[in-house]
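The structure appears right after this line, and notes come after that.
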Amino acid sequence: MENRQMILRDIPKIDELLFDERLIFAMKEMPRSVVVDAAREIIDQVRSEILSGAKTSVPSRDCIIADVCKLAVEKSRRSLRRLINATGVVLHTNLGRANLSRTAIESVNRIAGSYSNLEYDIKNGTRGSRHDHIEKIIGKITGAEAAIVVNNNAAATMLCLSALACGKEVVVSRGELVEIGGSFRIPDIMKQSGAHLREVGATNKTKLSDYEQGYVSELTGAFMKVHTSNYRIMGFTQEVQLGDMVKLGEKFSVPVVYDLGSGLMVSLSRYGVDEPTVVDALHSGADVVLFSGDKLFGGPQCGVIIGKREYIEKMKRHPLARVVRVDKMTLAAMEATLYEYLDMESAKKRIPVLQMITVSEKELQRKAEALKLCLEQDGSMFTFETATCEDQVGGGSAPMTKLPGYAVLVSRDGVSAEHIERLLRNMETPVIARVFHEKILLSVRTIGEDEFFAVAEAFSYVNTCLIEEKGV
Ligand SMILES: *Cc1c(COP(=O)(O)O)cnc(C)c1O
Numbered sequence: 012m013e014n015r016q017m018i019l020r021d022i023p024k025i026d027e028l029l030f031d032e033r034l035i036f037a038m039k040e041m042p043r044s045v046v047v048d049a050a051r052e053i054i055d056q057v058r059s060e061i062l063s064g065a066k067t068s069v070p071s072r073d074c075i076i077a078d079v080c081k082l083a084v085e086k087s088r089r090s091l092r093r094l095i096n097a098t099g100v101v102l103h104t105n106l107g108r109a110n111l112s113r114t115a116i117e118s119v120n121r122i123a124g125s126y127s128n129l130e131y132d133i134k135n136g137t138r139g140s141r142h143d144h145i146e147k148i149i150g151k152i153t154g155a156e157a158a159i160v161v162n163n164n165a166a167a168t169m170l171c172l173s174a175l176a177c178g179k180e181v182v183v184s185r186g187e188l189v190e191i192g193g194s195f196r197i198p199d200i201m202k203q204s205g206a207h208l209r210e211v212g213a214t215n216k217t218k219l220s221d222y223e224q225g226y227v228s229e230l231t232g233a234f235m236k237v238h239t240s241n242y243r244i245m246g247f248t249q250e251v252q253l254g255d256m257v258k259l260g261e262k263f264s265v266p267v268v269y270d271l272g273s274g275l276m277v278s279l280s281r282y283g284v285d286e287p288t289v290v291d292a293l294h295s296g297a298d299v300v301l302f303s304g305d306k307l308f309g310g311p312q313c314g315v316i317i318g319k320r321e322y323i324e325k326m327k328r329h330p331l332a333r334v335v336r337v338d339k340m341t342l343a344a345m346e347a348t349l350y351e352y353l354d355m356e357s358a359k360k361r362i363p364v365l366q367m368i369t370v371s372e373k374e375l376q377r378k379a380e381a382l383k384l385c386l387e388q389d390g391s392m393f394t395f396e397t398a399t400c401e402d403q404v405g406g407g408s409a410p411m412t413k414l415p416g417y418a419v420l421v422s423r424d425g426v427s428a429e430h431i432e433r434l435l436r437n438m439e440t441p442v443i444a445r446v447f448h449e450k451i452l453l454s455v456r457t458i459g460e461d462e463f464f465a466v467a468e469a470f471s472y473v474n475t476c477l478i479e480e481k482g483v
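For our numbering, count along the sequence shown from 1 and bump the result up by 11.
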């Protein structure tokens with residue numbers, strides 16, 4: 012014990028360490044407090060290792076400084092970081108859903124750091140409305156009379172039900188009481204909005220007569236249809252077509268609300284993705300249609316509400332509209348994304364989500380071969396091969412659809428794929444990959460060509476780690 016106390020005296024003082032030019036340099040790159048915290052942690056660690064007997068001498072000053080620098084860099088890393096999605100799941104909710112188009116990014120860039128006419132009418136020099144920036148173009152693309160954009164589709168549902176059916180009943184099929192994830196369940200949102208859920212039909216079958224019998228004069232505030240985005244009911248099933256619900260709504264003068272979920276603007280059935288489109292929903296006569304901005308629509312996180320002006324106006328005037336309103340960056344990204352849809356064919360190339368879904372198998376094969384070549388440049392001890400794979404749309408859209416894709420499979424003798432997968436996640440720019448039949452599977456559908464170099468760098472880092480591990 013006596014001896015350990017002696018060794019402790021050799022530990023450098025923090026104040027003294029902070030005069031080291033390497034740490035002074037680090038303090039120019041990052042906040043001083045980050046470097047001081049890192050120094051304190053490393054010193055504490057050395058002290059406890061000596062006290063426990065794990066170390067019998069104080070590491071060299073150079074060693075300590077290097078450890079402090081390394082820890083300080085780790086501590087100054089942003090929590091929200093970019094990463095490479097090699098899973099082949101296009102709309103990965105955990106990985107941020109839709110990537111924005113280039114023009115949307117440019118728009119956000121222009122607006123974010125500057126004043127703007129967010130709520131200002133430039134022509135008249137008077138107060139304007141933030142809703143005006145996107146309402147016209149949404150109308151032009153979808154044919155909707157009016158529109159409002161809010162924080163997300165959950166907020167859209169909440170606002171819509173509150174404004175149209177608070178204190179009233181909303182008739183919904185038992186087959187459509189969806190849970191989207193987390194705490195978003197239609198019955199819960201309904202309760203929060205002050206509307207009362209009137210369930211009709213059975214889980215597998217709901218008929219028009221069920222809706223009709225669910226209607227109560229003076230009490231029914233809306234008929235609601237919810238797209239079962241993330242599941243399908245198969246077998247002995249029946250659901251009522253939107254058009255038939257619309258006729259019923261007209262008969263009773265009750266609005267029909269359709270929660271469409273994914274916001275698909277151009278039919279993707281040619282690519283095996285069988286989801287209803289926004290325009291189809293409006294053509295069926297729905298009074299109000301709701302959808303997410305960051306699913307198949309391919310824009311920023313938001314919820315879009317379109318439909319008849321009288322209903323949308325009610326929502327704009329509702330106090331919750333302020334609670335769930337979007338900021339200038341969302342509007343900037345949304346307006347730019349909407350512009351892409353003025354030309355549907357080019358939208359499929361320019362909106363990343365659509366590009367990734369509609370890309371040809373031949374192109375994916377070429378990309379896989381290019382990635383393999385890029386990875387082989389390093390001459391590390393991995394085995395790379397290209398193979399076909401199954402990708403997904405994801406984000407709770409088209410749950411049954413498998414997109415035929417291409418991948419690079421990576422393996423290494425004597426090292427488990429799980430171990431490599433973990434190391435890939437540890438990168439400065441993490442690579443998120445699947446493990447498939449004991450190999451790493453890198454699906455190229457969701458990897459940009461401009462990210463190939465970063466993927467190669469990740470593998471050369473993994474290579475270094477594996478060599479170091481072996482050496483120890
Ligand atoms: C995804 C989805 C929602 C929730 O949308 P967010 O934008 O994630 O809030 C609501 N309803 C349906 C049918 C959905 O698919």
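Even for Gly, the Cβ is constructed at its ideal location relative to N, Cα and C.
Bear in mind that the values here come from a model prediction, so they are computed numbers and not experimental data.
Burial state of residue i, where buried means 16 or more other Cβ atoms lie within 10 Å
i      : result
Lys378 : buried
Pro311 : buried
Pro330 : exposed
Gly406 : buried
Gln403 : buried
His142 : buried
Gly274 : buried
Met201 : buried
Asp424 : exposed
Gly212 : buried
Lys485 : The structure shown does not extend to residue 485, since the chain is modelled only from 12 to 483, so the question has no answer here.
Ala65  : exposed
Gly308 : As written in the sequence, residue 308 is Phe, which differs from the Gly given in the question. By the 10 Å Cβ count, Phe308 comes out buried.
Glu374 : exposed
Met355 : exposed
Met11  : Limits of the chain in this structure are 12 at one end and 483 at the other, which puts residue 11 out of reach.
Residue i versus the options, residue with shortest Cα-Cα distance
i      : options                        : result
Ala206 : Gly124, Gly232, Asp55          : Gly232
Ala109 : Asn96, Glu156, Tyr417, Phe36   : Asn96
Leu172 : Asp199, Glu187, Phe464         : Asp199
Ser408 : Thr137, Pro70, Asn241          : Asn241
Lys383 : Met276, Phe464, Ala83          : Phe464
Lys236 : Gly225, Gln252, Gly246, Met245 : Gln252
Ala332 : Phe447, Val421, Leu175         : Leu175
Arg456 : Gln376, Leu477, Ala428         : Gln376
Phe470 : Ser220, Arg336, Tyr350, Ser391 : Ser391
Arg43  : Asn14, Leu19, Val84, Pro70     : Val84
Own chain, CB closer than 7 Å to residue i, minus 5 neighbours either side, in chain order
i      : result
Ile122 : Lys339, Met340, Ala343
Glu250 : Ser184, Gly186, Thr217
Leu208 : Val181, Val183, Pro198, Met201
Lys450 : Leu420, Val421, Ser422, Ala428
Under the three-state DSSP convention, the category residue i falls into
i      : result
Lys450 : strand
Ser127 : coil
Arg513 : Residue 513 is absent from the structure shown; the chain starts at 12 and stops at 483.
Cys385 : helix
Phe263 : helix
Glu250 : coil
Ala398 : strand
Arg141 : coil
Pro415 : strand
Ile362 : coil
Lys134 : coil
Lys81  : helix
Glu432 : helix
Glu190 : strand
Paired residues, beta bridge with residue i - DSSP
i      : result
Asn96  : Ile443
Met38  : In DSSP, Met38 forms no bridge with anything.
His207 : Glu180
Val161 : Gly314, Arg336
Ala465 : In DSSP, Ala465 forms no bridge with anything.
Thr231 : Glu180
Gln403 : Val100
Val268 : Met235, Val299
Close Cβ partners of residue i (< 8 Å) along its chain, the five nearest in sequence each way excluded
i      : result
Ile25  : Val47, Ala50, Arg51, Ile54
Thr104 : Gly192, Gly405, Gly406, Gly407
Arg93  : Thr440
Val57  : Ile22, Lys66, Val69, Pro70, Ile75
Own chain, CB closer than 6 Å to residue i, minus 5 neighbours either side, in chain order
i      : result
Ala158 : Glu146, Ile149, Ile317
Arg445 : Thr98, Leu452
Leu414 : Asp402
Phe393 : Val421, Arg423
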